[in-house]
Structure formats: structure tokens, C-alpha cells
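*Asks:* For reference, the structure I am asking about is given below.
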Amino acid sequence: MRVMIATDAWRPQINGVVRSLERMVEAGPEFGVTPRMLTPEGFRQIGLPSYPDIRIALATRRALSERIVDFAPDHIHIATEGPIGWLTRAVCLAQKRPFTTSYHTRFPQYVAARWPIPESWSYRLLRRFHGPAAAVMVSTASVETELRQHGFEKIVRWGRGVDLSLFHPRPHSVLDLPRPIFLSVGRVAVEKNLDAFLSLRLPGSKVVVGDGPARADLQRAYPEVTFLGTREGEDLAAIYASSDVFVFPSLTDTFGIVLLEAAASGLPVAAFPVQGPSDVFAGSGAAVLNEDLRSAALQALRIPKETCLELAASHSWHRSAAQFYGHIAQVVSQHAGRFPRNGAAVRPAPAITAFASAHPAEGLGPRRLPA
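Listed below in C-alpha cells is the structure:
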């Protein structure tokens with residue numbers, strides 16, 4: 031099965047959307063899938079003045095269609111609501127081709143945090159974008175509930191995972207700072223609500239990993255905080271394992287892969303009791319969720335490392351990929367013969383079918399997607 035994934039979020043961006051999609055590409059062959067990304071790469075791009083790492087593709091519908099024709103996918107998944115997403119959607123609708131989408135970001139809340147635009151307007155635009163999709167993939171139960179309240183339909187679950195071979199406790203610290211060390215990892219931007227963390231009166235040290243448009247202002251405002259910039263791979267994993275508490279001040283993230291990376295590193299989490307953290311840590315004991323973030327951070331110091339590791343162990347990228355490709359396989363099966371390749375109808379990969387049979391509770395079992 032050949033699957034094309036269209037996304038405006040791609041390298042050099044470093045965020046949860048990019049990480050998730052990279053993992054799906056890596057896992058494709060394991061499920062009998064040949065994936066290909068349709069990204070801004072290769073198209074003329076412009077950068078946003080306040081967001082230099084975000085590039086907007088100036089693609090044309092014709093040029094984008096040529097890439098789709100060249101790959102001849104059995105299915106198209108649209109991951110983002112940017113120019114690439116809208117153009118791909120237009121091509122699919124024109125060809126009467128079934129497609130799936132995913133909802134990664136609480137876009138209405140992000141927009142409202144920057145500009146006086148009512149959330150209802152943003153939701154109306156998002157309903158139009160996702161409405162024709164055969165399935166809309168969301169990461170958590172609370173996101174599903176929120177979208178259904180705003181008129182979304184055909185919603186299915188696609189969870190996220192963590193690389194346990196990379197993120198794990200380590201015997202030696204790479205941070206030579208006074209303890210306890212309170213860490214935050216992610217994009218340094220207004221929607222991440224970092225002020226709520228950096229302004230706290232906490233013992234020890236505060237560390238921020240990541241970059242973004244708000245970094246310069248925050249560094250000036252909080253000179254006592256250690257800003258390490260963008261870190262990846264072993265470097266990032268060692269920083270997690272060298273810290274004592276992970277503080278997640280965001281009020282708008284739908285999931286937050288960094289939460290799982292922290293837990294896999296044995297790091298307890300302090301966060302507000304909002305969707306995202308509430309979904310990830312419900313009943314686990316691996317986090318303290320409190321409207322008083324300072325209290326949450328201090329209480330989190332008492333959480334055993336083993337509790338965090340137990341939570342992380344239940345989230346694998348294999349399970350995430352099985353959900354992702356399983357939903358796609360159901361759509362392909364329901365529309366078999368609509369877009370045959372080499373004259374043969376496409377059938378779900380055996381690995382996906384086997385997982386679906388063994389895990390009906392995952393939403394991949396015998397039930398069909400909504401018509």
C-alpha cells in the first residue's frame with residue numbers, strides 16, 4: 031500500500047507534528063506500507079517574519095498534482111491545515127478521491143492568543159477543512175470530545191508514542207547546575223505559556239530547551255534561567271535524564287510528545303489540569319496537575335521514577351503506527367477499486383490486519399469507519 035502524507039510542518043521545524051510524522055514514515059515498511067511525504071521541500075517558500083523556522087510553500091495546484099501523480103498513492107493523508115494541506119484537499123476533492131486528515135493543534139486557541147479573532151470563526155474554517163475527510167485522526171479523548179462539541183464528525187483515535195531506546199534514565203548528569211533542576215522542552219513561543227513557568231519562585235535551577243520567536247524576550251526577562259536552545263537525539267535525552275521535574279505550562283497543546291519523553295526519562299511532570307496533560311497522565315500518578323503550577327512542581331519532586339517509567343512503557347511508536355495505518359487501511363478497504371494501481375485493488379497490509387484483529391479496543395477492529 032502506497033500512502034502519501036501531505037504536511038506543511040516539516041524540517042527544519044522541530045515539533046510534535048514533525049516527530050510524529052517522521053515516526054510514521056519510519057514504521058511504514060513494518061506494516062507493508064510505502065510512505066512518501068508531500069512537504070514544502072522543492073517548492074518556492076517564504077519565511078514568516080516572526081517565525082524564521084516556519085516556511086510557507088508557494089506551491090501551485092498543478093505542481094502539487096504532478097507530485098501526487100508521480101507517486102500514484104493508494105491513499106492520501108493530510109496532516110496540516112496550511113497551504114500544502116488545502117491544495118492537497120482540493121486535488122482530492124476534484125478527483126473524488128477519499129482522504130484522511132489529522133488534527134494536531136488547538137488552532138482556534140492559538141489564534142485567539144495572538145489576535146482578537148473569535149474561536150468560533152476558526153472552528154468554522156476547520157470544520158470546512160476536515161468535513162470531507164473519510165476520517166479525522168485525533169490524539170486523545172478530550173480532543174475528540176471538544177471537536178464533536180464543535181460539529182466535527184468521523185473522528186478516530188491516533189495516539190502518540192515515545193522512543194524508549196533513546197529516552198531513558200542515565201547514571202550521569204550533563205547539567206552542572208544547582209538542584210533541583212526544573213526543565214521545560216518545546217517551542218519558545220507565546221502559545222506555550224512559558225512565562226507561567228519562568229516566573230515561579232522555585233529552588234534550584236530552571237532550564238529551557240528549544241527555540242522560537244519569544245526566546246530573546248524571555249532571556250532578557252529571566253536572566254537567571256538557563257536557555258540551551260535546540261537540542262536533539264542523545265543530547266536532548268541526556269538533558270531530560272539529568273533533570274528532576276519536567277514543567278509543562280502550556281494550556282493549549284492537544285498531547286505533547288515531550289510529556290512522554292520526560293516520563294520515559296524517569297522525570298515526573300508538573301502541569302496545569304488541562305487537556306493534553308490530563309489525557310496523558312490520567313490515573314498514572316506520574317504527574318501533578320494543579321492550577322497552582324508552583325505547588326505542582328514542588329509536589330512532583332516526590333514522585334518515584336519508577337511510576338514515570340511505567341507510564342512511558344505503555345506508549346510505543348509501534349502501537350501509534352498501527353493505529354495510523356490501520357485507520358487508513360479501513361478507508362482504503364471501504365473504497366476498494368476506486369483508485370486501483372496497475373489494475374489491482376489495494377488491500378490492507380497483513381501486519382495491519384493482524385494488529386486490528388488482536389486489538390479491537392484500539393478502534394481498528396471489526397467496526398467500520400463512519401460512512
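Residue numbers for the sequence shown follow our numbering, beginning at 31 and rising by one. For glycine and all other residues, C-beta sits at the position ideal for the given N, C-alpha and C. Just so it is clear, the structure is predicted and the values come from calculations on it, not from any experiment.
1. I'd like to know whether the C-beta atoms of F230 and R324 end up nearer to each other than 8 Å.
2. With burial defined as no fewer than 16 other Cβ atoms inside 10 Å of the residue's Cβ, what is the status of H246: buried or exposed?
3. Would you kindly report the start and end of the unbroken beta strand (DSSP E) that includes K236?
4. Where DSSP assigns a beta bridge to R217, which residues make up the other side?
5. Considering just the uninterrupted stretch of the beta strand (DSSP E) at S195, what are its terminal residues?
6. Quick check on this structure: which residue in I287, I358 and P148 has the alpha carbon closest to the alpha carbon of F278?
7. Rounding to the nearest angstrom, what Cα-Cα distance links L51 and E264 in this structure?
8. Going by beta-carbon coordinates alone, are P59 and I35 separated by less than 8 Å?
9. State the beta-bridge partners of V275 as determined by DSSP.
10. What are the start and end residues of the alpha helix (DSSP H) that includes R158?
11. Identify the residues that DSSP records as bridge partners of L297: which are they?
12. Would you call T110 buried or exposed, if buried means 16 or more other Cβ atoms sit within 10 Å of its Cβ?
13. Thinking C-beta only, is I358 closer than 8 Å to D274?
14. Pull up the distance between the alpha-carbon of V255 and that of A301, whole angstroms please.
15. In the DSSP assignment, find the unbroken beta strand (DSSP E) run with G356 in it and report its ends.
16. Evaluate contact between the stretch 163-174 and the stretch 183-190, counting only Cβ atoms and requiring at least three cross-stretch pairs below 8 Å.
17. Excluding five sequence neighbours on each side, which residues of the same chain lie with their C-beta closer than 6 Å to the C-beta of V141?
18. Would you list the residues sitting across from I35 in a DSSP beta bridge?
19. Taking the continuous beta strand (DSSP E) assigned at S132, which residues delimit it?
20. Can you tell me where the alpha helix (DSSP H) with T118 in it begins and where it stops?
21. Report yes or no: is there a C-beta of chain B within less than 8 Å of the C-beta of D274?
22. Could you work out which residue in Q75, V33 and R32 is closest to A39 when comparing CA atoms only?
23. At the level of alpha carbons, what is the spacing between A316 and M54?
24. How would you call G373, buried or exposed, if buried means at least 16 neighbouring beta carbons within 10 angstroms?
25. Whose C-alpha, out of P113, L88 and V121, is nearest the C-alpha of I98?
26. Which residue from G161, K335, L205 and Y133 puts its Cα closest to that of V173?
27. According to DSSP, which residues form a beta bridge with A405?
28. Quick check on DSSP: helix, strand or coil for T175?
29. How many angstroms separate the CA atom of S203 from the CA atom of A351?
30. Out of A267, A163 and S150, which one is the CA nearest neighbour of E176?
31. Give me the Cα-Cα distance between E71 and L328, rounded to the nearest whole angstrom.
32. According to DSSP, is A330 helix, strand or coil?
33. Is it the case that the Cβ atoms of V239 and V215 are separated by a distance below 8 Å?
34. Out of L196, F159, L194 and P201, which has the shortest C-alpha to C-alpha gap to G181?
35. So, K236 versus G296, is the Cβ gap smaller than 8 Å?
36. Measure the CB-CB distance between H365 and P138 and report whether it falls below 8 Å.
*Replies:* In this structure, then:
1. The identity of residue 230 in the sequence shown is Leu, whereas the question assumes Phe. Contact flag set, yes.
2. According to the sequence shown, residue 246 is Ala rather than His. Exposed, because fewer than 16 other Cβ atoms sit within 10 Å of the Cβ of A246.
3. S235 to V239 is the extent of the beta strand (DSSP E) around K236.
4. BP columns for R217 are empty, so no partner.
5. Note, S195: premise wrong, no beta strand (DSSP E); not H, not E.
6. Among I287, I358 and P148, the Cα nearest to that of F278 is on I287.
7. A straight-line Cα-Cα distance of about 20 Å links L51 and E264.
8. Between P59 and I35, the gap from beta carbon to beta carbon reaches 8 Å or more.
9. Looking at the DSSP assignment, V275 forms a beta bridge with F212.
10. Segment E149 to H160, the alpha helix (DSSP H) holding R158.
11. Beta-bridge analysis with DSSP links L297 to no other residue.
12. Flag for T110 reads buried.
13. No, Cβ-Cβ distance for D274 and I358 is not below 8 Å.
14. Rounded to the nearest angstrom, the two C-alpha atoms are 19 Å apart.
15. Boundaries for G356: no beta strand (DSSP E) harbours it, while the alpha helix (DSSP H) harbouring it runs W347 to Q364, taken from the DSSP string.
16. They touch, by the three-pair rule.
17. Cβ contact annotation for V141 (same chain, cutoff 6 Å, sequence separation greater than five): I147 and S152, in chain order.
18. Its beta-bridge partners are M67 and H107.
19. F129 to S132 is the span of the beta strand (DSSP E), which, as asked, contains S132.
20. Its alpha helix (DSSP H) spans residues P113 to A124.
21. No chain B appears in the structure shown, which is made up of a single protein chain.
22. Measuring from the Cα of A39, the nearest candidate turns out to be Q75.
23. Near 27 Å, if we compare the C-alpha coordinates of M54 and A316.
24. For G373, the predicted structure reports a pLDDT of 43, less than 50, and the residue's modelled location is therefore unreliable. A value from the coordinates is still provided. The residue is exposed, with fewer than 16 neighbouring Cβ atoms inside 10 Å.
25. Nearest of P113, L88 and V121 to I98, Cα basis: V121.
26. The shortest C-alpha separation from V173 is found at Y133.
27. As shown, the chain starts at 31 and ends at 401. That puts residue 405 outside it, with no answer to give.
28. T175 sits in a helix when the DSSP states are folded into three classes.
29. Straight-line spacing of the CA atoms in S203 and A351 works out to 33 Å.
30. Out of A267, A163 and S150, S150 has the C-alpha closest to the C-alpha of E176.
31. Distance between the alpha carbons of E71 and L328 is about 44 Å.
32. Helix, per DSSP.
33. In this structure, V215 lies closer than 8 Å to V239 by Cβ.
34. Nearest C-alpha to G181: F159.
35. G296 is positioned such that its CB atom lies no closer than 8 Å to that of K236.
36. No.
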